[in-house]
Amino acid sequence: MVRAPRSAAAAKGKDPVSLTQLRRQAQQAYKGIEDATKALQARQKQFDASQRELATKLTQLQTATLQLNKMRKPLSDLVSSLYQDPSMSGLSPFLTGGDGATTLRAMSDMDYLVAGRNIVLSDALKLLQQQQQLAGEAQELRAANLLEEAQLDAQIDLLRAKSSKLVKSLTRTLTKLGVNVNQGNRGPGACDPTRVTEADQYPNGLLPKSFLCPLPQKGAELRADAAIAFADLNLAYKSHFGQPMCISSSYRSLSAQQAVYYQRPGFAAVPGKSNHGLGLAVDLCGGVQAFRSVQFNWLEANSKRFGFIHPDWSYHSPFEPWHWEYDPKLGAQL
Ligand SMILES: [Zn+2]
């Protein structure tokens, strides 16, 4: 295997892959797991339906065979006894009189019965063959399904391993940037971007600690995808201004939103409506809070590369130059 030459960044000891790239790869792997799981479930559903259909067909066939078997025995017995002694047979009602026409009719009735027995026998044979074919089909279907399930399972395992490797790599990179991922016992999954969908199920301001990833700025935290994007944005800011970004507020719980709202009603979003409560918004200081400062202008020009925006409303109603937020849709395109 040929190894790709190490990049200049890697040679300097920096991580060659950006946090955003790792985040995207981890999320893609996770999406792959979700897709493969859906495919597996669909496959199982389809298999169950086919199995049910086959079982119904088999039952119908068995009933038909039973009915045929019931007919076959007396019909056979009747035909045999006719061959042996037509005069003593159960057909005697046909044979009354003894004139030629009646005998002929009796013979033809007998032919009819023989033919009937042959039809019954050949139908029974056909049914048996159909039964065997269906049983074979059921077995093949089961084998094919098991194989496909095993393949999907293997694919899911592979993606899971890949995703978990990427999340570990992300965590390591964040740790290098001074983020104590498990700080405050939030659990090692706090910075896992593949848990975002799960985090989405919590109401605004009620995100459990285990879904909030700490930022390099002490005490600040955001949802994993936003935190990773912020860590990347912070790096770029730092390399431009020589110091990290300054945060005055990040995730706000419902009670914290209420406190802010009642202190400055016109200035904070109605509690339960703020993107701070989703772990997506930050209020910045260090110059950014002043509209058209160099820091504000730099952020305005560069934040989108990292998935962060200064929302339209914050330019005027209410005017909040300090408010920036992560846009997951934009982030997903990076
Ligand atoms: Zn804000």
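One point on numbering: in the numbering used here, the residue at position 117 of the sequence shown is 117, and numbering is uninterrupted. Think of the CB as a built atom: it goes at the ideal place given N, C-alpha and C, for glycine as much as any other residue. Since this is a predicted model, take the numbers as computed values, not measurements.
- DSSP places H240 in the uninterrupted alpha helix (DSSP H) bounded by 224-241.
- Distance from P193 to D225 at the Cβ level is roughly 5 Å; contact confirmed, criterion being Cβ atoms closer than 8 Å.
- Annotated three-state conformation of S108 is helix, per DSSP.
- Around the C-beta of G136, fewer than 16 other C-beta atoms lie within 10 Å, and the residue is accordingly described as exposed.
- The alpha-carbon separation between L68 and D111 amounts to approximately 19 Å.
- Residue state for D200 is assigned as coil, using DSSP reduced to three classes.
- According to the DSSP assignment, L330 belongs to the alpha helix (DSSP H) that extends over 328-332.
- Taken in chain order, the whole beta strand (DSSP E) runs of length 3 or more contained in the region 238-313 are 246-249, 281-285.
- Secondary structure note for P318: it is in no beta strand (DSSP E), with a DSSP letter that is neither H nor E.
- Following the DSSP letters along the chain, one finds C191 in no beta strand (DSSP E), marked with neither H nor E.
- Measuring C-alpha to C-alpha distances from K168 to each of S108, G189, P244, I156 identifies G189 as the nearest.
- Beta-bridge pairing by DSSP links E325 to A281, I309.
- Taking a contact as a CB-CB distance under 8 Å, the pair S255 and C285 does not count as one, their CB atoms being some 23 Å apart.
- Leaving aside the five residues that flank S18 on each side, the residues in its chain whose CB is nearer than 7 Å to its CB run, in chain order, D232.
- In the structure shown, P208 adopts coil according to DSSP, grouped into three states.
- Scanning its chain for C-beta atoms nearer than 6 Å, with the 5 sequence neighbours on each side dropped, one finds around Y30 the residues S163, T194, in chain order.
- If one requires a minimum length of 3 residues, no beta strand (DSSP E) run lies completely within the region 146-175.
- Here the C-alpha atom of S274 lies approximately 8 Å from the C-alpha atom of Q257.
- In this structure, the CA atom of D48 is about 44 Å from the CA atom of A229.
- With a contact defined as Cβ atoms closer than 8 Å, L152 and A36 qualify at about 6 Å.
- Between the alpha carbons of L280 and E325 lies a distance of about 6 Å.
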